[in-house]
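Trainee:
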Amino acid sequence: MDQQTIDESLQGALREVIPDLPTGLWHLAGEGVWGKVLDLHDGTMLKLVHRNGGIGSGDTKLIRETRALDLLNGLRTDMFVVPKLIGQERWSNGWMLGGAYMGPPLAGWLRMEKLPGHCADETMLHGAGASERDRLGESIGAAIATFHEEAAARLGEASGFGDPMLRTLKEAEPRLNGPHDKARLEALRAGWTRAGGKAVPLHGDLNLTNILKGGPRDPLGFIDLAEFGMGAAEYDLHHFEMSGPLRDAVFRGYGAITGAMPDMDLYRMGVAASAATTLAIAGGGGHPREAARRRYWLDESLYQAGID
Ligand SMILES: Nc1ncnc2c1ncn2[C@@H]1O[C@H](COP(=O)(O)OP(=O)(O)O)[C@@H](O)[C@H]1O
Ligand SMILES: [Mg+2]
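Note that the sequence shown covers residues 15 to 322 in this note's numbering.
Here's what the structure looks like:
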C-alpha cells in the first residue's frame with residue numbers, strides 16, 4: 015500500500031501546539047469518520063479526534079480511550095498487547111491548527127505506542143488456507159478471553175465505565191424511527207439487563223480493523239479503545255458473526271480459555287445491538303440493495319435474539 019505523507023505545513027502546525035513531536039517524515043496510517051491516525055516514525059502514533067463523526071461525540075470517545083489506555087497501561091500477555099499511552103490533550107478550540115488544517119473541528123489528540131503488525135482484516139485472509147484462518151480465529155478468541163481476565167485483574171471493580179452494548183443502543187435509538195423499531199430496541203435493552211451477564215472490561219469494538227497481527231508468535235495488538243466499557247463478555251464477540259468459519263474459530267479459541275462456550279442468548283443480543291447501530295449510522299443511504307440488507311439484518315438478528 016502506498017503511504018501518504020503528511021503535509022509539512024500540517025506537521026508544523028501540530029508541532030507548534032503539541033509538545034515533543036519528532037521532525038521528519040510522517041505518514042497517514044488510518045483515516046475514519048472520527049479522525050486521522052498519523053505514524054510519526056519514532057515508534058509512536060498520533061490520533062487526531064474529530065468533534066463529530068458517526069454517532070456519539072468525539073470528546074466522549076477521546077476521554078474514554080484516554081482513560082482506558084491509561085488504566086490498562088500497556089497491558090501485555092503472550093496473546094495480546096494494548097498500546098501504551100504517551101500523551102493526550104483535549105482542545106476547547108476545535109481550530110487550534112489554523113489554516114494548515116483542512117478538516118472538521120477537532121476534540122483533541124492522543125499519542126500512543128505504535129504496535130507492530132497489520133490489521134487482521136478480510137484481505138489478509140484472501141488466499142489464506144483454512145488452517146491459517148482457523149489459527150487466526152482461535153488466537154483472536156483466546157486473546158479476547160485473556161483480555162477480559164487480565165483487564166479485570168488490572169482494573170478491579172471500581173472502573174466507572176458504562177456498558178458499551180447499552181451505550182450503542184442508546185446512541186442508535188434516536189436515529190431509528192418508527193415505533194416498531196423503538197419498541198424492539200427497548201425489548202432488547204430489557205432482555206440484556208434481565209439476562210444480567212457478569213460485567214467484565216470490554217474492548218467494545220473488536221472488529222478486524224482494530225486487531226493488529228504481526229508474526230506468528232507475536233501477541234495480537236488491540237487498538238482503538240474508544241468504545242471500552244464494562245459488560246457481558248459475549249459483547250466483544252459480536253463483530254465476528256458475519257465472518258462464517260472465522261467466527262467458529264474465534265468461539266473455539268475463546269472457549270479454550272474460559273472453559274465454556276459463550277452464552278448464545280447474550281451473544282445474539284450483542285449482535286442485534288450492533289445491527290441496530292449499523293442501520294442507525296448508514297440508514298437507508300447508499301445502494302438500495304445495501305440499505306435493504308442492513309434493514310433485513312436488523313430484523314433477522316432481533317428475531318434470532320428472540321425479539322419480534
Ligand atoms: N497504536 C497503534 N499502532 C499501530 N497502528 C495503529 C495504532 N493505532 C492506530 N493504528 C492504525 O490506524 C488505524 C486507525 O486507528 P483507530 O484507532 O482504529 O482509529 P479509527 O477510529 O479511525 O478506527 C488502525 O486501523 C491502524 O492501522
Ligand atoms: Mg478503528
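Ideal Cβ positions, reconstructed from N, Cα and C, are used throughout, including at glycine. On a predicted model such as this, the values are computed, not experimentally measured, just so you know.
Which residues in the same chain as V31 place their Cβ atom closer than 6 Å to its Cβ, once the five residues preceding and following it in sequence are excluded?
Mentor: Here residue 31 refers to the residue found at position 17 when the sequence shown is read from its first residue. Around V31: M110.
Trainee: At which residue ranges does the stretch 81–152 contain complete alpha helix (DSSP H) runs of 4 or more residues, listed in the order of the chain?
Mentor: 136–139
Trainee: Closer than 7 Å to a non-hydrogen atom of ligand 1 - does that hold for the CB of L89?
Mentor: Along the sequence shown, read from residue 1 onward, the residue named residue 89 stands at position 75. No.
Trainee: Which runs of the alpha helix (DSSP H) fall wholly inside the stretch 160–247 and span at least 4 residues, in chain order?
Mentor: 178–186 and 193–209
Trainee: Does the Cβ of D238 lie closer than 7 Å to at least one heavy atom of ligand 2?
Mentor: Looking up residue 238 in the sequence shown gives position 224. Yes, the beta carbon of D238 sits closer than 7 Å to at least one heavy atom of ligand 2.
Trainee: For T80, count the other beta carbons within 10 Å of its own beta carbon; 16 or more makes it buried, fewer makes it exposed. Which is it?
Mentor: Here residue 80 refers to the residue found at position 66 of the sequence shown. So T80 counts as buried.
Trainee: Which residue or residues does DSSP assign as beta-bridge partners of Q18?
Mentor: One-based indexing of the sequence shown puts residue 18 at position 4. Q18 pairs with L42.
Trainee: Span of the beta strand (DSSP E) holding L62?
Mentor: Residue numbering aside, residue 62 sits at position 48 when the sequence shown is read from its first letter. Unbroken beta strand (DSSP E) run through L62: T58 to H64.
Trainee: Smallest Cα separation from I69: which of G243, A186, M138 and D195?
Mentor: To locate residue 69, count along the sequence shown from 1; it is residue 55. When each option's Cα is compared against that of I69, the closest is A186.
Trainee: Mapping the DSSP letters down to three states, classify L54 as helix, strand or coil.
Mentor: In the sequence shown, residue 54 corresponds to position 40, counting from 1. Three-state result, L54: coil.
Trainee: Check the DSSP bridge columns for G49 and list the partner residues they point to.
Mentor: Locating residue 49 in the sequence shown gives position 35, counting from the first residue. Note: G49 sits in a beta bridge opposite G46 and V63.
Trainee: List the endpoints of the continuous alpha helix (DSSP H) containing S71.
Mentor: For the purposes of this step, residue 71 is identified with residue 57 of the sequence shown, where counting begins at 1. From DSSP, S71 is part of no alpha helix (DSSP H); its letter is neither H nor E.
Trainee: With distances taken between CB atoms, is the gap from A156 to A306 smaller than 8 Å?
Mentor: For the purposes of this step, residue 156 is taken as residue 142 along the sequence shown, with counting starting at 1. For the purposes of this step, residue 306 is taken as residue 292 along the sequence shown, with counting starting at 1. Not in contact: A156 and A306 (Cβ atoms no closer than 8 Å).
Trainee: What separation, rounded to the nearest whole angstrom, lies between the Cα atoms of H253 and L52?
Mentor: Walking along the sequence shown from the start, residue 253 turns up at place 239. Walking along the sequence shown from the start, residue 52 turns up at place 38. A direct Cα-to-Cα measurement between H253 and L52 gives close to 25 Å.
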